[in-house]
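Residue numbers (full-length UniProt numbering): 1 to 159. No residue lacks a Cβ here, since even glycine has one placed at the ideal position from N, Cα and C. Notes follow the structure.
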């Protein structure tokens, strides 16, 4: 069985992940930031903006980096924005990924009663995973994002 180790994310993790980023996640970053987006910089920026961010390794290799950032309290709600980007190692232990994901979502809910973000409409594997974690993905309400106006679906989960 593959060893799964999770620790606080560090800026250097962005460069390690970018070198082996899943194609779907690279497409999502480029859809949001443009075709010439620096993947490592986009990941590093996400880590920096997060109130909490983690890196997971499987058998010593980076599998994913994820976290949650504060969307603010504009409407009086404390809303978090969860995100996750993975490498080719991400699905080496799919059951552990889902179990661990549920625990981290539960932790995020101790800080943010509502979690919201957007996902590239082409990222079917991640959409299905979000649904397994209990998120509602609004596939009938796409929002056009980025310079090329790629459809993204909103997703959310309330505690």
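Per DSSP, which one or two residues make a beta bridge with residue i?
{"i": "residue 151", "result": "144"}
{"i": "residue 156", "result": "116 and 136"}
{"i": "residue 54", "result": "8 and 66"}
{"i": "residue 21", "result": "87"}
Where does residue i fall in DSSP's three states?
{"i": "residue 1", "result": "For residue 1, the predicted model reports a pLDDT of 48, less than 50, meaning its position is unreliable; a value from the coordinates is still stated below. Of the three classes helix, strand and coil, the one that applies to residue 1 here is coil, per DSSP."}
{"i": "residue 64", "result": "strand"}
{"i": "residue 33", "result": "helix"}
{"i": "residue 71", "result": "coil"}
Which residues mark the beginning and the end of the beta strand (DSSP E) in which residue i is found?
{"i": "residue 108", "result": "Not the beta strand (DSSP E): residue 108 falls in the alpha helix (DSSP H), residues 94-111."}
{"i": "residue 81", "result": "79-86"}
Under DSSP, the alpha helix (DSSP H) around residue i begins and ends at which residues?
{"i": "residue 15", "result": "11-18"}
{"i": "residue 121", "result": "From DSSP, residue 121 is part of no alpha helix (DSSP H); its letter is neither H nor E."}
Using the C-alpha atoms, what's the distance from residue j back to residue i?
{"i": "residue 26", "j": "residue 152", "result": "14 Å"}
{"i": "residue 115", "j": "residue 29", "result": "20 Å"}
{"i": "residue 85", "j": "residue 58", "result": "14 Å"}
{"i": "residue 24", "j": "residue 31", "result": "10 Å"}
{"i": "residue 99", "j": "residue 149", "result": "34 Å"}
{"i": "residue 51", "j": "residue 69", "result": "5 Å"}
{"i": "residue 81", "j": "residue 53", "result": "12 Å"}
{"i": "residue 142", "j": "residue 154", "result": "7 Å"}
Stretch pair the segment 7-20 + the segment 48-68: three plus CB contacts closer than 8 Å: Segments in contact, yes.
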